[in-house]
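2 protein chains.
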Amino acid sequence: MLKTRFTELMGIEHPICQGGMQWVAKADLAAAVSNGGGLGIMTALTQPDPDALIKEVERCRTMTDKPFGVNLTILPSLKPIPHAEYAQAIIDSGVKIVETAGNNPGKFIDMFKAAGIKVIHKCTAVRHALTAQRLGVDAISIDGFECAGHVGEDDITNQILIPLAVDALDIPVIGSGGFGEGRQLAAALALGAEGINMGTRFMATKEAPIHDAVKQRLVDAGERDSILIMRALRNTSRVFRNTVSEQVAQIEKEKGMAFEIGDVAELVAGARGKNVYGTGDVEEGMWSAGMVAGVIHDVPTCKELIERIVSDAEEVIRGRMAKLVA
Amino acid sequence: MLKTRFTELMGIEHPICQGGMQWVAKADLAAAVSNGGGLGIMTALTQPDPDALIKEVERCRTMTDKPFGVNLTILPSLKPIPHAEYAQAIIDSGVKIVETAGNNPGKFIDMFKAAGIKVIHKCTAVRHALTAQRLGVDAISIDGFECAGHVGEDDITNQILIPLAVDALDIPVIGSGGFGEGRQLAAALALGAEGINMGTRFMATKEAPIHDAVKQRLVDAGERDSILIMRALRNTSRVFRNTVSEQVAQIEKEKGMAFEIGDVAELVAGARGKNVYGTGDVEEGMWSAGMVAGVIHDVPTCKELIERIVSDAEEVIRGRMAKLVA
Chain A
96 MLKTRFTELM GIEHPICQGG MQWVAKADLA AAVSNGGGLG IMTALTQPDP DALIKEVERC
156 RTMTDKPFGV NLTILPSLKP IPHAEYAQAI IDSGVKIVET AGNNPGKFID MFKAAGIKVI
216 HKCTAVRHAL TAQRLGVDAI SIDGFECAGH VGEDDITNQI LIPLAVDALD IPVIGSGGFG
276 EGRQLAAALA LGAEGINMGT RFMATKEAPI HDAVKQRLVD AGERDSILIM RALRNTSRVF
336 RNTVSEQVAQ IEKEKGMAFE IGDVAELVAG ARGKNVYGTG DVEEGMWSAG MVAGVIHDVP
396 TCKELIERIV SDAEEVIRGR MAKLVA
Chain B
96 MLKTRFTELM GIEHPICQGG MQWVAKADLA AAVSNGGGLG IMTALTQPDP DALIKEVERC
156 RTMTDKPFGV NLTILPSLKP IPHAEYAQAI IDSGVKIVET AGNNPGKFID MFKAAGIKVI
216 HKCTAVRHAL TAQRLGVDAI SIDGFECAGH VGEDDITNQI LIPLAVDALD IPVIGSGGFG
276 EGRQLAAALA LGAEGINMGT RFMATKEAPI HDAVKQRLVD AGERDSILIM RALRNTSRVF
336 RNTVSEQVAQ IEKEKGMAFE IGDVAELVAG ARGKNVYGTG DVEEGMWSAG MVAGVIHDVP
396 TCKELIERIV SDAEEVIRGR MAKLVA
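These protein sequence lines are chains A and B, in that order.
In this text, residue positions in the first sequence follow the numbering used here: the first is 96, and each later residue adds one.
In this text, residue positions in the second sequence follow the numbering used here: the first is 96, and each later residue adds one.
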């Protein structure tokens, strides 16, 4: 048992939160994580519309009676997304925990807090975490340079970011990005975090509703198998390294400051449009995966994974670390 | 007391090694670190010639009777450097610990091992660490993306790199890059490291033989005050963010793949030629500083710094972490 301010606040057993991953974080995965004692998170925008989200929350409730949450990510997109309607659907669904992420979440945080919902805000910078705290969120998930997806533009790693966030904030902080095993959980706790958030690691679990070939590719991958793209547009994304993502990175390099979204728009839209998670064609599309791939070596159940990470962390603390100070 | 395989191997009190920093790591700093219970390291190439290095080692011996080492970094340079003569001077000086870094250190490692010297090899990738272990080095200082100076091209952070290195190697591993405080030492130990290496943090100490204005600038700086340059040449360097380094980065961006060293050669040579450490004109020149600047808040003596970091780490382990598993 690792009891922290985060486990207490969320009413969960283990200090492990599952990241809100687009197309992956459905009810199946969230329920499995929550049943494993962690905090499962469903992603609102993975559902085609707000009504479907309400149904997906109901489906999750049929699979677990433990706490779980919904992620709402607010990012600019070509196709307008009715964020406010999704936010209202979250409230209407009766969910009691929300993870917000992205730009200007203020008005949504207000809505959620008014509805008595606990809010975890995920961000990549201490200054954004301070803003979110001022807006009334209950916890911060601070996302280091290690993370998959939107890494921000500061490139500060968890080793620096977690202690700085912990010192700057009063509310509990969990570390996010690059986490996948027990020693890392122990390290996050040493840095002052009250737990960890894991995204990519939960993709390589039995219950993740994605093709087995994707899971196997994560097992086979090393720490160098992620790549940053879209830096030139200050919209940097860490994705799995494959032919497509390397091609995009190469075009960015070649164009330098002259790079425009138009130079890769078709390529990216085509690659993102490919349903890698469904087909398992890991080389064909563009999909998020973090640096953590280097420490992923198997495809356990969520419960097995969570219990192993916690028990390994406890062993590090009780065994190795206690001996070092003895 | 934090006794580890690294403290045992080196015969030192605390698991903290000082990084071999060009122009900074002279006898004064190395002796102060060793007197503080850490492992002080002088940089061979900071001395104008091999004879001067032998004299500097003798000077260090007048200041400390504790173990200290010499760093030999092998990198391509415009002006040819007689690395083999420096290596012989290190052996002739009677120093018993050497830190190697850079490219193809094989023949130097052979020389040092034949002379009964303990060798720590610093590198930024697990595959290079494995090669160094095969060549017979005694310990690895694994350098994460956080580090100042040559960060390599993989951009893997310590959170991932340390556990991977520890799993791959039999010899002791210390973590390097971004380290400056006790929670981070505890985290490194949790990840499996047997200690930490600190460079930039030791610049902001009373005994560092550099201008006070540089030390103060590190105290004032935040985590975002370092910047990567020379990526386009696959010779990436993390330096302090100022007008000059931002100008170089901007030129790299603008040129993209067309970037050549000629585009910035004059600018870089001029900036590197400015003696920032001597004059304290921190905005004028190009100087290395890592992400750790964000956690540097004062200018203590080396002994005060080392003892504080160790005692804070012990407190984290005995206090916070022990309570979490209770």
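Where is the CB? At the ideal position from N, CA and C, for every residue including glycine.
The structure presented is a predicted model; accordingly, all values stated were derived computationally and were not measured.
request  = Would you be able to state if there are at least three C-beta pairs under 8 Å between the stretch 129 to 139 of chain B and the stretch 103 to 115 of chain B?
outcome  = yes
ask   = Nearest to B:E409 by alpha carbon, out of B:G277, B:A283, B:A360?
value = B:G277
request  = Label B:Q345 either buried or exposed according to how many other C-beta atoms from any shown protein chain fall within 10 Å of its C-beta, with 16 as the threshold for buried.
outcome  = exposed
inquiry  = Looking only at its chain, what residues have a beta carbon closer than 8 Å to the beta carbon of A:I212, apart from the 5 residues adjacent to it on each side?
reply    = I185, I186, V190, K191, I192, V193
ask   = Going along the chain, which unbroken runs of the alpha helix (DSSP H) with 4 or more residues stay wholly within the stretch 271 to 356 of chain A?
value = 277 to 285, 295 to 298, 307 to 315, 338 to 350
ask   = Between which two residues does the beta strand (DSSP E) containing B:A234 stretch?
value = 234 to 238
key: B:E289, buried or exposed, once every other Cβ within 10 Å from all chains shown has been counted against 16   = buried
message = Check this for me: beta carbons of B:M381 and B:V359, under 8 Å apart or not?
response = no
query = Beta-carbon separation of B:V309 and B:G287 under 8 Å?
reply = no
task = Taking C-beta pairs closer than 8 Å, name the residues in chain B that A:V420 reaches, listed in chain order.
result = M96, L97, E409, I412, R413
key: Whole-number beta carbon distance between B:G273 and B:G317, since they are thought to touch under 8 Å   = That pair is no contact at about 14 Å.
query = If you draw a straight line from the C-alpha of B:A299 to the C-alpha of B:F335, how long is it?
reply = 14 Å
task = Report yes if the CB atom of A:I491 is closer than 8 Å to the CB atom of A:A220, and no otherwise.
result = For chain A, the structure presents residues 96 to 421; residue 491 of chain A sits outside this window and is missing.
Cross-chain neighbours of B:V390 in chain A, by beta carbon under 8 Å = I255, P258, L259
ask   = B:T44 bridges to which residues according to DSSP?
value = The structure shown does not extend to residue 44 of chain B, since chain B spans only 96 to 421, so no value can be given for it.
message = Are the CB atoms of B:R413 and A:V165 within a distance shorter than 8 Å?
response = no
query = In terms of DSSP beta bridges, what is B:F163 paired with?
reply = B:G135
query = Once you ignore the five residues that flank A:P162 on each side, which residues in its own chain have a CB closer than 8 Å to its CB?
reply = M105, G106, I107, S129, L134, K191, I192
query = Alpha carbon to alpha carbon, what distance is there between A:Y181 and A:D144?
reply = 7 Å
message = Short of 9 Å Cβ to Cβ, which residues in the stretch 327 to 353 of chain B face chain A?
response = A327, Q345, E347, K348, E349, K350, G351, M352, A353
message = In whole angstroms, give me the CA-to-CA distance for A:K150 and A:F207.
response = 19 Å
query = In whole angstroms, what is the alpha-carbon distance linking B:E103 and B:I215?
reply = 14 Å
Euclidean distance between Cα positions of B:V152 and B:W118 = 15 Å
message = With three or more beta-carbon pairs closer than 8 Å as the criterion, would you say the stretch 370 to 386 of chain B touches the stretch 367 to 379 of chain A?
response = no
request  = Classify A:G294 as buried or exposed, calling it buried when 16 or more other Cβ atoms lie within 10 Å of its own Cβ.
outcome  = buried
query = If you check the beta carbons only, do A:L264 and A:Q228 fall under 8 Å apart?
reply = yes
message = Tell me the residue span of the beta strand (DSSP E) that contains B:K217.
response = 213 to 218
ask   = Based on Cα-Cα distance, which residue from B:V246, B:P177, B:H109 lies nearest to B:T141?
value = B:P177
task = Check the Cβ-Cβ distances between B:D249 and every residue of chain A, and say whether any is below 8 Å.
result = yes
ask   = Quick one: Cα of B:F354 to Cα of A:A327, how far?
value = 16 Å
message = Could you give the first and the last residue of the continuous beta strand (DSSP E) run that contains A:A196?
response = 192 to 197
inquiry  = Excluding the 5 residues flanking B:E341 on each side, which residues of the same chain have their C-beta closer than 8 Å to its C-beta?
reply    = I322
ask   = Hey, how far is the Cα of A:P200 from the Cα of A:P171?
value = 12 Å
message = Only counting the same chain, and skipping five residues up and downstream in sequence, which positions put a Cβ closer than 7 Å to that of A:N337?
response = V377, E378
ask   = Do A:K121 and A:P258 come within 8 Å of each other at the CB atom, strictly closer than that value?
value = no
message = Taking its Cβ as the centre, do 16 or more other Cβ atoms sit within 10 Å of B:L148, making it buried, or is it exposed?
response = buried
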